[in-house]
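In the UniProt record's numbering, the protein residues as written are 1 to 627.
As C-alpha cells, then:
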C-alpha cells in the first residue's frame with residue numbers, strides 16, 4: 001500500500017485550525033478584575049466555613065514553653081513570685097547620672113550593671129571611650145535568702161521594682177524585691193551632684209513571715225577588674241583589694257598572686273584597679289568578711305581583658321526581725337585628694353608606703369607637687385620638683401663627699417698600719433681606730449648620708465605610681481607620664497624587659513653609670529682594704545655596670561614620670577658633686593685640718609673607751625691562749 005505524504009496544503013490547514021483554537025481560548029478567559037472578585041468571594045466563603053467550625057469545637061487552652069517556664073519559676077520563688085508578676089519583671093535598667101558619673105541599675109538583681117566615669121578616657125586615646133569600671137556583666141551583687149518554707153533564693157536572679165524620684169538636687173532610686181504590696185527587700189541608691197560617692201542602703205520590711213530572720217543573710221559582692229591602662233604588668237602590680245577593719249586598721253590582699261583572708265569588724269572593702277577603685281563602705285561594721293583575690297594575668301604577652309577577680313562575702317544581721325544597713329558606694333578615680341577629702345581613711349587605699357615613707361608622701365611630696373603642677377605642665381613640674389628635692393638633699397650629699405675626701409687623705413697612713421700590723425689583725429684594728437679618733441674622722445660618716453636618703457628614694461618610688469594626675473599627661477615623646485614611654489616596638493618579647501624600648505630608662509641608666517663612676521672612683525681611693533674582707537674596689541667596679549643595667553631592665557615598663565625623675569636627679573647630683581669637688585672641698589685644707597687634729601688632746605668618748613677595752617681584753621685573751 002502506498003504511504004501517504006504530508007503536502008503543503010495539509011500544513012497550512014493545521015496552522016489555521018491551531019490559530020482559531022487559540023483565539024477562542026483567549027476570548028473566553030476571565031479578565032483580571034473578574035479573577036480578583038472571584039478570589040475575594042472564595043476567601044469570604046472559607047472564613048464563614050471556618051467560623052462555623054470553630055463555634056462547634058470545644059475550646060482547649062494552649063500551653064507554650066515560655067508560659068510553662070514562667071509557671072515553674074513562680075513556683076520556685078514562693079512568696080517572691082509576687083515580684084515576677086509585676087510590669088517591672090523584665091530585662092531593663094534605670095539610669096542615674098551626675099556631672100562625673102553615670103550609673104545603670106538593672107531590674108534583674110537590683111544592682112549596678114554599668115558604672116562609667118565621665119570625662120576620663122581609657123588608654124586607647126583614639127577610641128575616645130570613657131572608663132567603665134562596671135560593664136558587660138563583670139560585676140554583681142547578691143543576697144542569699146533562706147525562706148521559711150525551705151527555699152534558697154538569690155536576689156541577683158529575681159526582678160526588683162524601680163522607683164526614681166528627687167530629693168532636692170539628689171537622685172533617689174528605690175529597687176524593691178517584693179513578696180507582697182508592703183513586703184519587700186529594698187536597695188536605696190542616692191546620687192548627689194558632682195560626687196563619685198553615693199549613699200546606699202539595704203533594708204527589709206514585713207518579711208518576718210517569709211524569710212528566716214534567725215540568722216544572717218550572706219551578701220556577696222564580686223567584680224572582675226577591667227584593664228584600663230597601657231601596661232598590663234604595671235597596672236596589675238597596683239591592682240589589689242584593700243580593706244579597713246577593727247576600728248581604723250587597714251590591710252590588703254596580695255597583688256602578685258591569688259590570696260584570701262577572713263577578717264572581723266570590717267568597715268570598708270575596696271577593689272582597687274590602679275588608677276580607679278570601687279569601694280563599699282558601711283556605717284555598721286560587718287562582723288566578718290571572707291575576702292578573695294584571683295590574679296587573671298597569667299601571660300603578659302596576651303592582650304588581657306581582666307586583671308583581677310575580686311570577691312567579698314559579708315553577713316547582714318537582723319535587728320528586731322528587720323535589716324537596716326546604711327552604706328556607701330564609691331566609683332571613681334583613685335586620687336589622693338578626692339579620697340582624703342571624704343575623711344573616712346580612704347587615703348590608705350593609695351600605696352604611698354608605710355611609716356615614714358607614707359608620711360613623706362602625704363605631707364611633703366603630694367602638697368609640693370600639687371602646688372607646682374598647678375601652674376606648669378606636668379613634665380616641667382616633675383623637673384622642677386626634682387630640682388627642689390635634690391637641693392633639699394644637697395647638705396647630705398656634701399657630708400657624704402666630705403667624709404670620702406677625709407678617708408682619701410688618710411689612706412696612705414692606713415696602708416702603713418696595714419703593712420706594719422699585717423700579722424696582728426686586732427692590733428691593726430686598734431691602731432686604725434686611734435688614727436680615726438686623733439684625725440677627727442668618722443668612717444661611718446660616709447654611710448649615714450646614704451642611709452638618710454633611703455626614705456626619700458623609697459617614698460618617690462611609691463609616689464609616682466600613685467599620681468593619678470600624671471595619667472595621660474604627655475611630655476616630649478612620652479604620651480602618658482603614668483606609663484612607659486615606648487619609642488620602638490620590638491617584633492619579639494625579651495624576658496623581664498618587654499616588647500618595647502622606653503627612652504627615659506635608657507637616659508636614666510646612662511646618668512646613673514656616670515654618677516657611679518665618679519663616686520665609686522673616690523670611694524675606691526678612700527676605702528682601705530681589710531685583710532680577710534672582700535675587695536670592695538672590685539665589688540664597686542661591678543656595681544658600676546649592674547646598677548644601670550637593672551635600671552634599664554626593670555624600669556622599661558614603669559611610669560615614664562619616675563624614669564624622668566631619676567634621669568634629672570642623677571644629672572643634678574653629678575653637677576652638685578662637681579661643684580663640691582672643684583669649689584668647696586679642698587684636699588690640702590682637709591689634710592692640714594687632720595694634721596692639726598692629731599696634735600690636739602681629744603677626750604675619749606664612752607663608746608670609744610668601751611670598744612678599746614673590748615679589743616684589749618680580746619688581745620689579752622688571745623695572748624693567754626697562745627701560752
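The beta-carbon is built from N, C-alpha and C at its ideal position, and this holds for glycine as well.
Quick caveat: nothing in here was measured; it's all calculated off a predicted structure.
Under the three-state reduction of DSSP, which class applies to residue i: helix, strand or coil?
i           : result
residue 69  : Note on residue 69: pLDDT 49, under 50, position unreliable in the model; no value is reported.
residue 381 : helix
residue 297 : coil
residue 58  : Unreliable positioning characterises residue 58 in this predicted model, as indicated by a pLDDT of 40, which lies under 50. The coordinate reading is nonetheless provided below. DSSP places residue 58 in coil when its eight states are reduced to three.
residue 80  : helix
residue 469 : helix
residue 110 : coil
residue 561 : helix
residue 97  : strand
residue 354 : coil
residue 370 : helix
residue 44  : Since pLDDT at residue 44 reaches only 48, below the 50 mark, its modelled position is unreliable, and the value read off the structure follows with that caveat. Correct three-state label for residue 44: helix.
residue 91  : coil
residue 364 : helix
residue 63  : The predicted position of residue 63 is uncertain, since its pLDDT is 39 and thus under 50; a value taken from the coordinates is nonetheless stated next. Of the three classes helix, strand and coil, the one that applies to residue 63 here is coil, per DSSP.
residue 292 : strand
residue 341 : helix
residue 193 : coil
residue 104 : strand
residue 210 : coil
residue 429 : helix
residue 309 : strand
residue 509 : helix
residue 398 : helix
residue 547 : helix
residue 323 : coil
residue 389 : helix
Does the beta-carbon distance from residue i to residue j come in below 8 Å?
i           : j           : result
residue 692 : residue 279 : Because the chain here runs from 1 to 627, residue 692 falls outside it and cannot be looked at.
residue 83  : residue 169 : no
residue 577 : residue 518 : yes
residue 334 : residue 312 : no
residue 147 : residue 232 : no
residue 285 : residue 263 : no
residue 347 : residue 336 : yes
residue 570 : residue 512 : yes
residue 327 : residue 201 : yes
residue 256 : residue 307 : no
residue 100 : residue 129 : no
residue 628 : residue 293 : In the structure displayed, the chain extends from 1 to 627; residue 628 sits before or after that span and is not available.
residue 297 : residue 236 : yes
residue 502 : residue 486 : yes
residue 282 : residue 342 : no
residue 219 : residue 113 : no
residue 353 : residue 361 : yes
residue 556 : residue 458 : no
residue 106 : residue 133 : no
residue 464 : residue 381 : no
Using CA coordinates, which residue listed in the options is at the minimum distance from residue i?
i           : options               : result
residue 180 : 513, 544, 197 and 205 : 205
residue 184 : 221, 132, 323 and 87  : 323
residue 156 : 541, 560 and 221      : 221
residue 547 : 583, 562, 508 and 571 : 508
residue 356 : 193, 462 and 196      : 462
residue 268 : 154, 213, 251 and 136 : 251
residue 90  : 492, 351, 110 and 470 : 110
residue 474 : 173, 561, 197 and 244 : 561
residue 275 : 308, 243 and 238      : 238
residue 460 : 565, 384, 555 and 404 : 565
residue 318 : 217, 358 and 364      : 217
residue 553 : 582, 580, 88 and 499  : 499
residue 121 : 192, 227 and 104      : 227
residue 390 : 223, 375, 415 and 572 : 572
residue 454 : 497, 396, 482 and 481 : 396
Can you check DSSP and say which residues form a bridge with residue i?
i           : result
residue 329 : 198 and 280
residue 142 : 220
residue 187 : 175 and 202
residue 132 : 116
residue 498 : 494
residue 488 : 501
Does any CB atom of chain C fall closer than 8 Å to the CB of residue i?
i           : result
residue 517 : Protein chain content of the structure displayed is limited to a single chain, and chain C is not contained in it.
Q: At 3 residues or longer, and completely inside the region 216 to 277: list those beta strand (DSSP E) runs for me, N to C.
A: 217 to 226, 239 to 245, 249 to 252 and 259 to 273
Q. Hey, which unbroken runs of the alpha helix (DSSP H) at 4 residues or more fall wholly within the region 151 to 181?
A. As summarised for the region 151 to 181, there are no continuous alpha helix (DSSP H) elements at least 4 residues long confined to that stretch.
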